[in-house]
Structures are given as structure tokens and as C-alpha cells.
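Residue numbers (full-length UniProt numbering), protein chains in the order written: chain G, 1 to 292; chain S, 1 to 292.
Only one structure is covered here, and it is reproduced in the block below.
Protein chains: 2
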Amino acid sequence: MAKQNTVFKDAYNRCLKVLAETSSLPSEPELGQVLGVSRTTVRAILGRFEEAKLITWDKRKKIVLRQPRPDDYFPTEETDSLAEIIERSFMRRILAGGAEPGMQINELELAREIGTGTTSVREFLIRFSRFGLIEKRPNSHWILKGFTREFALELTEVREMFELRSAASFVALPDSHSAWQELSRIEALHHEILADIDNRYKEFSELDERFHLLVHKSSSNRFIVDFYDIISIVFHYHYQWNKTNARQRNARALEEHLAYIEALRSHDAKRAEEACRRHLRSARETLLQSIP
Amino acid sequence: MAKQNTVFKDAYNRCLKVLAETSSLPSEPELGQVLGVSRTTVRAILGRFEEAKLITWDKRKKIVLRQPRPDDYFPTEETDSLAEIIERSFMRRILAGGAEPGMQINELELAREIGTGTTSVREFLIRFSRFGLIEKRPNSHWILKGFTREFALELTEVREMFELRSAASFVALPDSHSAWQELSRIEALHHEILADIDNRYKEFSELDERFHLLVHKSSSNRFIVDFYDIISIVFHYHYQWNKTNARQRNARALEEHLAYIEALRSHDAKRAEEACRRHLRSARETLLQSIP
DNA sequence: AATCTGTCTATTGTGGATAAAAGACAAATA
DNA sequence: TATTTGTCTTTTATCCACAATAGACAGATT
């Protein structure tokens with residue numbers, strides 16, 4: 001197999017949803033726009049729709065024949081890109097599994113285990129290396145540096161520098177900037193989740209990322225924004241595998257966010273800095289507590 | 001060709017220098033240690049030495065027969081790794097050539113031009129993407145973001161944050177730390193070059209990197225140290241292709257370094273910060289002036 | 001007893017092949 | 001005239017093969 005047609009399958013599934021809401025599909029370029037794929041893929045989808053008797057397709061006429069059924073969808077396992085599969089598989093090994101710092105990482109073995117070619121694994125490791133958790137010995141293996149206390153401290157040190165700088169930029173944004181609207185939406189979501197915290201505390205992780213990314217983006221600095229990828233991936237997997245006191249921790253973080261948001265809104269640099277520091281300090285504690 | 005034997009050729013050349021200074025070579029593991037290669041490569045080198053009648057080799061006895069001649073060495077073009085070749089070729093295109101921001105980068109075309117396989121180019125681009133100069137459109141081409149004024153400003157903003165933080169760590173290092181000795185060696189080199197500036201100003205680039213890397217390392221933060229790679233590569237190529245007033249610029253930077261070094265030695269955080277700021281400000285100016 | 005060598009195996013680096021996906025262009029259509 | 005479609009070409013993502021290189025282990029040597 002040269003390439004998995006995951007782009008096709010994922011777009012096919014999303015196109016089924018479009019189909020469910022209309023009686024005839026739009027033009028090929030328009031569909032491509034909506035689905036974020038090329039016309040080649042759109043045409044492949046339409047062809048398959050026709051085979052499945054979901055539509056009739058004659059040039060510009062694409063008439064919906066029936067609603068999609070659950071079994072019309074491709075299973076979600078088949079729509080994940082190879083890169084996502086490798087990432088998940090790898091992160092499980094190093095964050096959840098008992099992976100010792102200093103351990104060797106073997107491209108071939110990893111590839112065999114995941115059931116994929118070495119090239120993909122290799123490219124993943126190269127991309128992943130910028131997160132500072134692994135290191136390459138040229139002409140030889142990779143070394144796992146490990147998700148250690150030092151790693152967490154180094155990560156949060158830079159995070160704090162960057163976020164303080166970003167928060168300072170944020171308060172200086174003109175009122176007309178779209179970030180303020182996004183901030184309001186985020187704030188509203190905080191209130192919603194807090195009002196039903198027992199059931200919805202799991203939504204925090206995603207909201208947390210959305211909020212901090214918004215703050216970082218106001219730095220208008222690609223290095224600061226890109227760095228947030230590292231924080232993001234670490235916290236993402238950290239939340240997934242460390243669920244002790246999740247409800248309580250998340251509730252506290254939500255409250256801190258609200259104070260932080262209010263401080264940003266005040267346009268008062270001093271207040272924003274304080275609120276930011278307070279939140280980052282407790283975020284760091286939370287992260288450190290989860291490391292043995 | 002599956003793999004260029006550049007490791008062998010480079011180690012061979014370096015081994016010729018070892019051979020020139022002795023009448024019999026040490027054991028295979030020891031040679032491997034010295035050259036930084038595996039025993040397999042050492043044995044390949046010894047075998048070739050024997051063929052070239054440079055030594056006789058019988059188990060532990062490796063007796064030198066004659067001194068190496070210039071034509072015993074492999075030409076330097078053949079000892080560069082593929083990654084180095086691709087990097088140079090690519091940097092020439094984007095920094096020196098008239099590469100417009102927004103331009104598409106085509107893996108296949110780049111590979112053809114450099115005369116190499118696509119895999120190597122692809123891996124290079126992935127590694128290079130962390131420098132923030134290119135960006136990938138999934139399933140499609142890369143986009144050149146360009147060595148623009150914004151890029152330089154974003155780079156220097158982070159650089160200043162990191163270097164100020166590092167300088168603050170530096171002054172707090174205990175006197176017993178090896179960084180102080182390295183600092184002295186670097187300082188001495190500054191004086192040497194300044195004393196003969198007209199002939200030796202070109203050595204500045206390398207010394208500059210050595211000095212700032214030393215400072216960054218005292219942060220003990222992998223993200224700060226790794227970030228210096230970006231600064232390093234940008235300044236490296238910048239120095240190569242922008243030689244207007246090089247002598248004068250370098251002389252000034254050397255003087256600033258000396259003041260900065262003295263301030264670090266004083267263990268006075270305030271003084272170090274001021275000297276650091278002063279130097280970084282002029283480094284930024286220099287970089288900005290070279291961008292249209 | 002410790003190190004070195006001979007031999008063998010495993011892994012990495014790199015080019016090449018191929019299906020999936022993107023994209024270009026002219027003819028068709030509204 | 002502006003889109004849309006049909007057709008065709010190019011590029012990317014991925015697997016595989018193979019030489020270079022690293023590394024393991026037992027027997028030889030000091």
C-alpha cells in the first residue's frame with residue numbers, strides 16, 4: 001500500500017453530514033471548499049455516493065436519494081491519518097507505559113509494533129524531537145530523555161516567560177480586535193461548564209487549550225505561538241492519563257481563568273500579570289504533582 | 001546507492017592525522033572512541049590503510065609504514081553528509097536567491113535540483129520547519145514564509161528574552177563552574193582577534209556563536225539552548241551572504257562582547273543585564289539593516 | 001582477568017516505486 | 001462571461017530494498 005486513503009474516507013464521512021441536510025449537493029469546487037479537499041477527492045466521494053445509491057449524479061445534478069444510515073459511514077479507526085496513529089501509539093508508550101529515561105528508541109521495532117513502514121515512524125520522530133523529549137544519535141538510535149521533573153520545570157519556565165509577555169500584549173490590543181470577542185465566548189463557556197461542573201468537567205482540557213492559545217497568539221510571534229504546541233501536547237496527554245482529582249483541579253483552574261480573563265479585560269497590565277502568574281503557578285504545581 | 005559512505009571517508013581522513021603522529025596505531029575500540037565511529041568503520045579504515053600500504057595490519061599489530069600524502073585524503077566534497085549538502089543548497093536558495101515570501105516549495109523539484117532522493121529532502125524540510133521559515137500544507141506543498149523583517153523581529157524578541165534570562169543565571173554560577181574557564185578562553189580569543197582585526201575579522205562569526213551558546217547553556221533549559229540553533233543558523237548564513245562593513249561591524253561586536261564578559265564576571269546581575277541589552281540591541285540593528 | 005579480534009546480525013540512511021491526492025487546462029454549460 | 005465539469009499531469013505519502021554503519025558475542029590474546 002502506497003498511501004492510505006484516509007483523506008477520502010474522512011471527507012466521505014463529513015460529506016455524508018452535508019448530504020443529510022439538503023436535497024441536492026452543490027458544485028464540485030464548492031464541496032471541495034467546504035470539506036477542505038481537492039476536486040479529485042470530491043469526485044471520488046460523489047462516485048462512491050452514486051454506487052451506494054445515496055445520490056444520482058449527472059454532471060451538475062446531484063440529487064439526494066436517501067438519508068445516510070449509520071453503516072454508510074466509514075469506521076472512525078479508518079479515518080485517522082497515519083501520523084495521528086503513530087503519535088498516539090508513541091505517547092502511550094512514553095507517558096503512560098513505564099518508559100525509563102535513557103531508554104533507546106528503535107525505529108524499526110517501533111514501526112513493526114505499530115504496523116507501519118519505517119519512513120513514517122522516522123518522520124514522526126524527527127517532527128517530535130522538537131518537543132525536547134527525545135534526542136537522536138546520528139547513525140544510531142534515538143534516546144528517550146523522559147517526561148521527568150526537569151522536563152516539566154524547563155517547559156514551565158519558558159511557558160511562563162512567553163505567557164506573561166503575551167498577556168502584556170493582550171491588554172494592549174485595541175477594543176476592535178477580534179480577540180476580545182473570542183475571549184467573551186470563552187468566558188461564557190467557562191460559566192456554562194462551572195454551572196454543571198460535575199457532568200462537564202471533562203470539557204476543561206479543550207477549553208484550556210483554546211484560552212491559552214488565544215493569549216499566546218496575541219504575542220504575534222511565531223516562536224511563541226509554535227511553542228504552545230509543546231505545552232498543548234504535554235497537557236493533552238497529561239490530562240488523559242492522570243485523572244486523580246480531575247473534577248476539583250479543573251474547577252479551580254476554571255475559577256483562575258475567570259479572574260485572569262477579567263484582569264485582561266481591565267486593560268490593566270499590572271493586574272493581568274498578577275492573575276497570569278497566579279494561574280501559571282498553580283498549573284505548574286498540578287503538572288509537577290503528577291510526576292513521580 | 002543506498003547510503004553514501006561519508007562517515008567512513010570523514011573518519012578515514014581524520015584517522016590519517018592520527019596515523020601521522022605515531023608509529024603504530026592503537027586497538028580498534030580505542031580508535032573507534034577517538035574517531036567517534038563504530039568498530040565496523042574502524043576496521044574498514046584499517047583495511048583501506050593496508051591496501052594503500054600506509055600500514056601493515058596483523059591482529060593487534062598495526063605498524064605505520066609511511067606518512068600520509070595529500071592525495072591519500074578523500075576530497076572534502078565527499079565527506080559532507082547529505083543533510084549538510086541539502087541544507088547549504090536550500091539556504092542559498094532562500095537567503096541569497098530572490099525567493100519571494102509565499103513561494104511554494106516542491107519536494108520533488110528540490111530533490112531533482114540537488115540530485116538526491118525525495119526522502120532526504122522531505123526529512124530535511126521537516127527538521128527545518130522548526131525554524132519558522134517554512135510551513136507545510138498537508139497533502140500538498142510547503143510554503144516559504146521568507147526571511148522577512150517580521151521574522152527577524154520575532155526571532156530577536158525571543159532571543160532577547162532568553163539571553164537576558166541566561167545572563168542572569170550566568171552571574172549566579174558558582175566560581176567553580178567550568179563555564180568561567182571557557183569564558184576566559186573566549187575572552188582571550190577576543191583580544192587576540194582584535195589585536196589583528198584586519199586579517200582575522202572573519203573569525204568573529206564562529207567566536208560569536210561559541211560565546212552566546214555558552215551564555216545560553218547556563219540557563220540549563222533545553223528549550224532555551226535548542227532555540228539557539230535557530231539564531232545560530234540565521235546568523236551563520238547571514239554572515240556568509242552579507243559582507244558589507246563586516247570588518248567594522250565585527251570589531252564593534254567584539255568590543256561589546258568584552259564589556260558584556262566583564263559585566264558577567266562582576267557577578268552583578270544589574271550590570272550584566274545592561275551590557276547584554278546593549279549588545280543585543282546593536283546585534284538586532286545589524287540584522288535588520290541587512291533585510292530589504 | 002581484562003581487553004581485543006573475528007564474525008555475524010540488526011538498524012539506519014537513502015533511493016526508487018506506487019497509490020492517493022492535488023492541481024492544471026480546455027471544453028461544456030448556464 | 002463566469003463557473004463547472006472532464007481529462008490529464010504532477011506531487012505527496014508511504015512502503016520497500018539495500019548498502020553503510022552500528023552493535024553483540026564468543027573465542028583468542030596479552
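Glycine included, every Cβ here is placed at the ideal spot set by N, Cα and C.
Residues of the segment 125–140 of chain S with Cβ closer than 7 Å to any Cβ of chain G, in chain order: Ile126, Arg127, Arg130, Gly132 and Asn139
Residue environment, Asn161(S), which counts as buried when at least 16 other CB atoms sit within 10 Å: By one-based count along the second sequence, residue 161(S) stands at place 161. According to the sequence displayed, residue 161(S) carries Met and not Asn. Under this definition Met161(S) is a buried residue.
Other residues of its chain near Phe49(S): CB distance less than 6 Å, five sequence neighbours each side excluded: Along the second sequence, read from residue 1 onward, the residue named residue 49(S) stands at position 49. Around Phe49(S): Ile55.
Chain S contacts made by the segment 201–235 of chain G, where a contact means CB separation under 9 Å: Ser219, Ser220, Asn221, Arg222, Phe223, Ile224, Asp226, Phe227 and Ile230
Alpha carbon of Leu65(S) to alpha carbon of Arg252(S), nearest angstrom: Position 65 of the second sequence, counted from the start, is the residue given in the question as residue 65(S). Position 252 of the second sequence, counted from the start, is the residue given in the question as residue 252(S). Using only the alpha carbons, I get a separation of about 51 Å.
Alpha carbon of Val37(G) to alpha carbon of Leu133(G), nearest angstrom: By one-based count along the first sequence, residue 37(G) stands at place 37. By one-based count along the first sequence, residue 133(G) stands at place 133. Taking the straight line from one Cα to the other gives about 33 Å.
Interface partners of Thr119(S) on chain G, CB under 7 Å: Your numbering for residue 119(S) matches position 119 in the second sequence. Chain G residues near Thr119(S): Thr119.
Where Val7(G) meets chain S, residues with beta-carbon distance less than 9 Å: Taking the first residue of the first sequence as position 1, residue 7(G) is located at position 7. Near Val7(G) (Cβ distances below 9 Å), the residues of chain S are Pro138 and Asn139.
Anticipated Cβ contact below 8 Å, Lys9(G) with Thr79(G), distance rounded: Translated into positions along the first sequence, residue 9(G) becomes position 9. Translated into positions along the first sequence, residue 79(G) becomes position 79. Contact holds; Cβ gap of about 5 Å.
Alpha-carbon to alpha-carbon, Ser27(G) and Glu51(G): One-based indexing of the first sequence puts residue 51(G) at position 51. One-based indexing of the first sequence puts residue 27(G) at position 27. If I take the Cα positions, the gap works out to 19 Å.
Test item: CB-CB of Ala275(G) and Ala263(G) under 9 Å: Here the question's residue 275(G) lines up with position 275 in the first sequence. Here the question's residue 263(G) lines up with position 263 in the first sequence. Cβ atoms of Ala275(G) and Ala263(G): closer than 9 Å.
Cβ-Cβ distance between Glu123(G) and Ile86(S) below 9 Å: Position 123 of the first sequence, counting from 1, holds the residue named residue 123(G). Position 86 of the second sequence, counting from 1, holds the residue named residue 86(S). Taking 9 Å as the Cβ cut-off, Glu123(G) and Ile86(S) do not qualify as a contacting pair.
At least three beta-carbon pairs within less than 8 Å, the segment 213–230 of chain G to the segment 86–105 of chain G: no
C-alpha gap between Ala272(S) and Ile261(S), whole angstroms: Working through the second sequence from its first residue, we reach residue 272(S) at position 272. Working through the second sequence from its first residue, we reach residue 261(S) at position 261. Going by the C-alpha atoms only, they are around 8 Å apart.
The segment 275–291 of chain S / the segment 149–160 of chain S touching (three or more Cβ pairs under 8 Å): yes
Gln104(S), DSSP secondary structure in three states: As a first step, residue 104(S) must be located in the second sequence, where it is residue number 104. In the structure shown, Gln104(S) sits in a strand (DSSP, three-state: E or B).
When Asp175(S), Glu209(S), Asn250(S) and Gln67(S) are compared against Ala195(S), the one with the closest alpha-carbon: Counting from one through the second sequence, the residue named residue 195(S) turns up at place 195. Among Asp175(S), Glu209(S), Asn250(S) and Gln67(S), the Cα nearest to that of Ala195(S) belongs to Asn250(S).
Inter-residue spacing [alpha-carbon to alpha-carbon] between Phe131(G) and Ile94(G): Stepping through the first sequence from its first residue, residue 131(G) is reached at position 131. Stepping through the first sequence from its first residue, residue 94(G) is reached at position 94. Taking the straight line from one Cα to the other gives about 13 Å.
Coarse secondary structure for Lys62(S), derived from DSSP in three states: As a position in the second sequence, residue 62(S) is number 62, starting the count at 1. Lys62(S) falls in the strand class under three-state DSSP.
Below-9 Å beta-carbon distance, Met103(S) vs any chain G residue: Within the second sequence, residue 103(S) is the residue found at index 103, counting from 1. With 9 Å as the cut-off, Met103(S) does not count as an interface residue toward chain G.
Unbroken stretches of the beta strand (DSSP E), 3 residues or longer, contained in the segment 67–152 of chain S: 134–136 and 142–144
Glu123(G): contacting residues in chain S (beta-carbon distance under 8 Å): Mapped onto the first sequence, residue 123(G) falls at position 123. Correct list: Arg122, Glu123 and Ile126.
Separation of Lys3(S) from Asn139(G), as counted between CA atoms: By one-based count along the first sequence, residue 139(G) stands at place 139. By one-based count along the second sequence, residue 3(S) stands at place 3. Their backbone Cα atoms lie some 11 Å apart in a straight line.
Beta-carbon gap between Glu163(G) and Arg222(S) smaller than 9 Å: Working through the first sequence from its first residue, we reach residue 163(G) at position 163. Working through the second sequence from its first residue, we reach residue 222(S) at position 222. Result no, Cβ atoms of Glu163(G) and Arg222(S) do not sit closer than 9 Å.
Chain G contact for Arg277(S) (CB, 9 Å cutoff): Taking the first residue of the second sequence as 1, we reach residue 277(S) at position 277. Closer than 9 Å: no.
Integer-rounded CB distance, given that Phe204(S) should sit under 8 Å from Ile186(S): By one-based count along the second sequence, residue 186(S) stands at place 186. By one-based count along the second sequence, residue 204(S) stands at place 204. Not quite, the Cβ-Cβ distance comes to about 12 Å (not below 8 Å), so this is no contact.
For Thr56(G), the residue or residues it bridges with in DSSP: As a first step, residue 56(G) is located in the first sequence; it is residue number 56 there, counting from the start. Paired residues: Ile63(G).
Selection from Gly102(G), Tyr201(G), His238(G) and Ala83(G) that minimises the alpha carbon distance to Ser120(G): As a first step, residue 120(G) must be located in the first sequence, where it is residue number 120. When only C-alpha atoms are compared, the closest one is Ala83(G).
Straight-line gap, His267(S) to Ile143(G) (C-alpha atoms, nearest Å): If you number the second sequence from 1, residue 267(S) lands on position 267. If you number the first sequence from 1, residue 143(G) lands on position 143. Their Cα atoms are separated by approximately 36 Å.
Alpha-carbon to alpha-carbon, Asn106(S) and Tyr12(S): Taking the second sequence and counting its residues from 1, the one referred to as residue 12(S) is at position 12. Taking the second sequence and counting its residues from 1, the one referred to as residue 106(S) is at position 106. Computed Cα separation, rounded: 36 Å.
Local conformation of Ser24(G) per DSSP, three classes: Counting from one through the first sequence, the residue named residue 24(G) turns up at place 24. Note: Ser24(G) maps to strand in three-state DSSP.
Under 9 Å between C-beta atoms of Ala179(G) and Leu214(G): One-based indexing of the first sequence puts residue 179(G) at position 179. One-based indexing of the first sequence puts residue 214(G) at position 214. Yes. Within cutoff.
Inter-residue spacing [alpha-carbon to alpha-carbon] between Ser81(G) and Glu256(G): Sequence index remark: in the first sequence, residue 81(G) carries index 81 (1-based). Sequence index remark: in the first sequence, residue 256(G) carries index 256 (1-based). About 36 Å.
Interface flag, Arg88(G) vs chain S, CB-CB below 9 Å: As a working note, residue 88(G) is residue 88 in the first sequence. Cβ-Cβ to chain S under 9 Å: no for Arg88(G).
Contiguous alpha helix (DSSP H) assignments of at least 4 residues, all confined to the segment 244–292 of chain G: 246–265 and 269–289
Among Gly117(G), Thr41(G) and Arg137(G), nearest to Met1(G) - alpha-carbon criterion: Within the first sequence, the letter at position 1 stands for residue 1(G). Minimum Cα distance to Met1(G) is reached at Gly117(G).
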